[in-house]
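Asks: Below is one structure. I have some questions about it.
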Amino acid sequence: MKSCTGKILCVDLTNKTSKVETIPEKVYEAVLSGKGLAAWYLYNNIPAGADPLGEDNILAFVSGALTGTGALLCGRWTVACKSPLTGTWGDANCGGIFSPAIKQCGYDGIFFSGISETPVYLYCDDNTVELRDASPYWGLDAVEAEKRLKAECSGKKRPSVALIGTAGEKLSLISGIVNEGGRIAARSGVGAVMGSKRLKAVVLAGTQPMPCADKAGVEALSQELGSKIVRLLFPSGTAPVLSFGGAAIGKLPVIPIGGMFISTLFRHWGTPSNEPMAITSGDGPIKNWAGTPKDTLGALVALNPDKINRMEERKYHCYACPLGCGGMLNVKGNPFMEDGHSHKPEYETINCFGPLLLNNDLDSILYINELLNRGGMDSISAGNTVAWAIEAFENGILTLAQTDGLELSWGNKEAIVELVRRMVEREGVFGNDLADGVKRASMKYGGAEFAMHVGGQEPGMHDSRNDPQLAVHYAADPAPGKHTIGMTVQYGALDLSDICSWAPKATLHSKKKALIPNEENALISKANSCYSMLTDGAGGCYYGEMMGTRNWKLIEYLNAAAGWNYDGDYYMEIGERIQTLRQMFNIKHGIEPKDIKLPLRMQGYPPLPDGPLKGVQLRNEEQVSLHWKAFGWDEKTGHPLPETIERLGIGELLEL
């Protein structure tokens with residue numbers, strides 16, 4: 033594959049050795065790079081039953097097949113391992129500029145095994161691969177440690193750094209890996225795996241050229257896409273209109289399609305633009321997934337994206353991104369913060385610590401965002417865990433003695449802030465217990481009916497009752513609880529039938545039809561899964577995906593960059609192969625897919641009494657079975673069938 037280096041770096045932390053391995057071309061043809069390369073390597077090299085926090089687990093940092101080729105919205109990196117949070121396949125995805133840094137060192141991925149006796153970091157450039165003493169940085173938060181490492185390691189090139197904060201060092205099972213001063217590969221407990229290996233950071237300063245077969249062809253595709261991305265200037269005060277749009281969507285009998293408009297919203301407001309629409313449409317979970325828009329109407333004013341934009345000092349872009357949905361804020365005057373600058377919070381963080389907790393105080397949310405960024409903790413998992421704690425306290429399951437004196441109640445910003453701080457630092461018995469997520473907390477204290485998790489991982493801030501396709505992916509994806517695999521609205525935007533012969537044509541999808549388990553819905557969820565795996569193998573961005581295959585031409589990009597000439601069906605089979613490998617990883621490690629289910633509340637039992645999701649109830653287990661069947665997996669167990677494994681050539685692939 034002429035867009036990849038064909039090599040990976042394998043680092044043994046126990047013995048403090050490293051070696052370069054050459055990857056056969058057939059591997060790239062079968063699974064691309066990125067998540068696919070990680071799935072192939074980890075399946076082969078992590079032994080069954082491995083302790084996720086032990087020597088045998090492998091932590092993979094992988095770039096994408098299109099990173100560095102000039103393809104727009106293709107600069108994301110993936111971290112993969114056996115998840116300590118769920119025991120399943122685990123992965124987390126992030127933007128920034130770390131993905132090209134991997135390739136500029138001459139590798140498609142860096143794989144860590146073993147455990148170091150003392151804290152170390154990896155330094156790598158064109159000529160050097162070495163493990164260095166990280167003791168001076170151990171104990172520092174992710175932002176401060178990154179600053180010092182960049183200053184210490186700067187030479188001809190200022191390095192790119194991925195590292196853990198205090199949450200990862202203290203093995204919080206909901207910790208992630210940080211780059212760019214607060215951008216987090218947050219999910220699956222990957223930060224705890226890095227902390228267990230006593231690996232503080234990966235510092236990359238290579239300058240090698242990144243390969244591409246047909247740079248002119250890729251550039252032409254990027255110019256075509258760039259000409260379609262319109263920058264609309266929304267006058268100040270426009271954001272409230274988004275809430276009316278969300279309310280209209282919530283009342284419509286069909287789910288609208290089309291994703292290009294999202295790019296204009298993100299260029300202006302970033303992902304906070306989704307908050308007012310999420311509140312009023314039914315997309316955003318409220319009051320620990322048990323509330324309705326009536327419970328949090330004040331949030332439409334308090335969490336108005338225009339308020340956040342007025343604090344913005346500058347926007348920033350991930351590598352190869354024309355949107356620039358990120359931003360740095362001037363938050364001077366925030367009563368919770370001493371430092372006057374912070375990252376713009378993502379939608380997930382705003383909803384987790386806003387409507388999910390009935391907290392309408394923006395200052396507290398901005399501070400929590402900073403706490404989590406510096407500590408390196410997943411905001412989705414942390415928010416769902418705090419929501420459980422509040423509801424359990426409200427129902428008498430938790431006492432003041434158990435919460436270490438915190439009076440937990442809906443919207444109590446001071447208590448919420450303090451609890452998050454204690455979780456990041458593992459301070460006190462209660463803070464320590466909640467640092468490992470809601471499943472383990474509820475197992476110790478009770479209140480399992482209030483604990484929103486899927487297979488041990490807390491779900492993203494998109495309501496499964498609002499989108500039954502999302503419900504399938506929450507439960508059926510080998511990394512459960514993930515919200516980025518597929519949605520009905522996403523499928524409508526993608527136009528996958530243009531590139532895939534078996535994918536159903538996207539239509540104005542009836543909400544009632546989406547609730548009824550059927551084989552067409554199963555083909556939709558399969559197609560979304562396959563395309564998601566393909567995107568991650570390429571290093572693509574979710575917001576590129578949402579622009580649709582007629583605009584963000586992933587198949588054409590891959591053919592031009594790799595020097596191939598394959599059709600969409602070939603590439604969708606690559607996605608199917610990656611997804612099946614991840615499912616096989618779970619089976620190998622003793623996970624029974626049929627045991628992973630959505631909480632009853634997330635399925636509408638009992639049903640919500642009012643709002644856009646009034647009375648909605650899912651038949652998710654039936655639809656998950658049909659999803660498995662569409663993949664050629666056993667519809668009762670979720671185990672890939674032998675004939676499917678043979679059809680996909682996985683047996684031969686694993687022997688390479």
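My numbering applies: residue 33 is where the sequence shown begins, and numbers increase by one. Idealized CB from N, CA, C, for every residue including glycine.
1. Do residue 134 and residue 43 count as a contact pair if the criterion is CB distance below 9 Å?
2. In whole angstroms, what separates the C-alpha of residue 145 from that of residue 636?
3. Tell me the residue span of the alpha helix (DSSP H) that contains residue 298.
4. Are residue 584 and residue 257 close, meaning C-beta to C-beta below 9 Å?
5. In the DSSP assignment, what are the bridge partners of residue 604?
6. Would the segment 404 to 412 count as touching the segment 450 to 469 if we require 3 or more Cβ pairs under 8 Å?
7. Provide the residue span of the alpha helix (DSSP H) that contains residue 41, from first to last.
8. With DSSP run on the structure shown, which of helix, strand or coil describes residue 580?
9. Using the beta-carbon count (16 or more within 10 Å), is residue 550 buried or exposed?
10. Under 6 Å Cβ to Cβ from residue 48, same chain only, skipping five residues before and after it: list those, please.
11. Which one or two residues does DSSP pair with residue 510 in a beta bridge?
12. What span of residues does the alpha helix (DSSP H) with residue 239 cover, start to end?
13. Run through the segment 395 to 483 for me and flag every whole alpha helix (DSSP H) of 4 or more residues, listed as ranges in chain order.
14. Contact defined as beta carbons within less than 8 Å: I believe residue 693 pairs with residue 205. What is the distance between those atoms, to the nearest angstrom?
15. Would you say the segment 607 to 626 touches the segment 669 to 687, given that touching needs at least three Cβ pairs under 8 Å?
16. Roughly how many angstroms separate the alpha carbons of residue 548 and residue 46, rounded to a whole number?
17. Residue 518 and residue 560: beta carbons closer than 9 Å?
18. In this structure, does DSSP put residue 123 in helix, strand or coil?
19. Can you tell which of 520, 53, 216 has its C-alpha closest to the C-alpha of residue 124?
20. Let me know if residue 533 comes out buried or exposed under the rule of 16 or more other beta-carbons within 10 Å of its beta-carbon.
21. Residue range of the alpha helix (DSSP H) that residue 562 falls in?
22. Whole angstroms are fine: how far does the CA of residue 651 sit from the CA of residue 356?
23. Sort 604, 629, 402 by Cα distance to residue 680 and report the nearest one.
24. For residue 379, which of helix, strand or coil comes out of DSSP?
25. On the DSSP bridge assignment, give the partners of residue 51 in chain order.
26. Out of 498, 200, 272, 245, which has the shortest C-alpha to C-alpha gap to residue 226?
27. Just to confirm before moving on: does the CB-CB distance between residue 338 and residue 277 stay below 9 Å?
28. Give every residue of the same chain whose Cβ lies closer than 6 Å to the Cβ of residue 661, excluding the five residues on either side of it in the sequence, and list them in chain order.
29. Output the distance between the C-alpha atoms of residue 483 and residue 475, rounded to the nearest integer angstrom.
30. Which residues in the same chain have their Cβ closer than 7 Å to the Cβ of residue 609, if we skip the five residues on either side of it in sequence?
31. So the beta strand (DSSP E) residue 113 belongs to, where does it begin and stop?
32. With a cut-off of 8 Å, do at least 3 Cβ pairs link the segment 593 to 603 to the segment 235 to 246?
33. Is the beta carbon of residue 117 closer than 9 Å to that of residue 488?
34. Find out if the Cβ-Cβ distance for the pair residue 382, residue 361 is shorter than 9 Å.
35. Flag this pair as yes or no: are the beta carbons of residue 565 and residue 611 separated by less than 9 Å?
36. So what does DSSP say about residue 621, is it helix, strand or coil?
Replies: By the coordinates alone:
1. Counted from its first residue, the sequence shown places residue 43 at position 11. Counted from its first residue, the sequence shown places residue 134 at position 102. The Cβ atoms of residue 43 and residue 134 do not sit closer than 9 Å to each other.
2. Within the sequence shown, the letter at position 113 stands for residue 145. Within the sequence shown, the letter at position 604 stands for residue 636. When rounded, the distance between both Cα atoms is 42 Å.
3. Against the sequence shown, residue 298 aligns to sequence position 266. That run of the alpha helix (DSSP H) goes 292 to 301.
4. Residue 584 sits at position 552 when you count from the first residue of the sequence shown. Residue 257 sits at position 225 when you count from the first residue of the sequence shown. Contact: yes.
5. Residue mapping note: residue 604 aligns to position 572 of the sequence shown, counting from 1. According to the DSSP secondary-structure assignment, residue 604 is paired through a beta bridge with no residue.
6. Output reads yes: the segment 450 to 469 touches the segment 404 to 412.
7. Position 9 of the sequence shown, counted from the first residue, corresponds to residue 41. It is not in any alpha helix (DSSP H) - residue 41 instead sits in the beta strand (DSSP E) that spans 39 to 44.
8. If you number the sequence shown from 1, residue 580 lands on position 548. Here residue 580 sits in coil by DSSP.
9. Mapped onto the sequence shown, residue 550 falls at position 518. With fewer than 16 other Cβ atoms within 10 Å, it is exposed.
10. Here residue 48 refers to the residue found at position 16 when the sequence shown is read from its first residue. Counting only Cβ-Cβ distances below 6 Å, and skipping sequence neighbours, we find 163.
11. Numbered from 1 along the sequence shown, position 478 holds the residue referred to as residue 510. None; residue 510 has no bridge partner.
12. Within the sequence shown, numbered from 1, the residue matching residue 239 stands at position 207. According to the DSSP assignment, residue 239 belongs to no alpha helix (DSSP H), since it is labelled neither H nor E.
13. Counting only runs of at least 4 residues, the segment 395 to 483 fully encloses the following alpha helix (DSSP H) elements, listed from N- to C-terminal order: 411 to 426, 445 to 457, 460 to 466, 470 to 477.
14. As displayed, the chain neither begins before 33 nor continues past 688, which places residue 693 out of reach and without an answer.
15. Verdict: yes, contact present.
16. Here residue 548 corresponds to residue number 516 of the sequence shown, with the count starting at 1. Here residue 46 corresponds to residue number 14 of the sequence shown, with the count starting at 1. Taking the straight line joining both Cα atoms gives about 52 Å.
17. As a position in the sequence shown, residue 518 is number 486, starting the count at 1. As a position in the sequence shown, residue 560 is number 528, starting the count at 1. The answer is yes: Cβ separation under 9 Å.
18. Residue 123 sits at position 91 when you count from the first residue of the sequence shown. Reduced to three states, the DSSP call for residue 123 is strand.
19. Looking up residue 124 in the sequence shown gives position 92. Ranking 520, 53, 216 by Cα distance to residue 124 puts 216 first.
20. Here residue 533 refers to the residue found at position 501 of the sequence shown. Answer is exposed; the Cβ neighbour count stays below 16.
21. As a first step, residue 562 must be located in the sequence shown, where it is residue number 530. DSSP places residue 562 in the uninterrupted alpha helix (DSSP H) bounded by 551 to 570.
22. Along the sequence shown, read from residue 1 onward, the residue named residue 356 stands at position 324. Along the sequence shown, read from residue 1 onward, the residue named residue 651 stands at position 619. Those two C-alpha atoms are separated by around 39 Å.
23. Reading the sequence shown from its first residue, position 648 is the one you call residue 680. Out of 604, 629, 402, 604 has the C-alpha closest to the C-alpha of residue 680.
24. The count along the sequence shown starts at 1 and reaches residue 379 at position 347. If DSSP states are grouped into helix, strand and coil, residue 379 belongs with the helices.
25. Taking the first residue of the sequence shown as position 1, residue 51 is located at position 19. By DSSP's assignment, residue 51 forms a beta bridge with 42.
26. As a first step, residue 226 is located in the sequence shown; it is residue number 194 there, counting from the start. The residue with the shortest Cα to Cα distance from residue 226 is 200.
27. The count along the sequence shown starts at 1 and reaches residue 338 at position 306. The count along the sequence shown starts at 1 and reaches residue 277 at position 245. Contact: no.
28. As a working note, residue 661 is residue 629 in the sequence shown. Once the five neighbours on either side are set aside, the close Cβ partners of residue 661 are 667.
29. Taking the first residue of the sequence shown as position 1, residue 483 is located at position 451. Taking the first residue of the sequence shown as position 1, residue 475 is located at position 443. Their backbone Cα atoms lie some 9 Å apart in a straight line.
30. Here residue 609 refers to the residue found at position 577 of the sequence shown. Result list for residue 609: 62, 63, 680, 682, in chain order.
31. If you number the sequence shown from 1, residue 113 lands on position 81. Per DSSP, residue 113 belongs to the beta strand (DSSP E) from 109 to 114.
32. In this structure the segment 593 to 603 touches the segment 235 to 246; the number of beta carbon pairs closer than 8 Å is three or more.
33. On the sequence shown, residue 488 is found 456 positions in, with the first residue counted as 1. On the sequence shown, residue 117 is found 85 positions in, with the first residue counted as 1. The Cβ-Cβ distance between residue 488 and residue 117 falls below 9 Å.
34. Along the sequence shown, read from residue 1 onward, the residue named residue 382 stands at position 350. Along the sequence shown, read from residue 1 onward, the residue named residue 361 stands at position 329. No Cβ-Cβ contact shorter than 9 Å links residue 382 with residue 361.
35. Here residue 565 refers to the residue found at position 533 when the sequence shown is read from its first residue. Here residue 611 refers to the residue found at position 579 when the sequence shown is read from its first residue. In this structure, residue 611 lies closer than 9 Å to residue 565 by Cβ.
36. Reading the sequence shown from its first residue, position 589 is the one you call residue 621. Annotated three-state conformation of residue 621 is coil, per DSSP.
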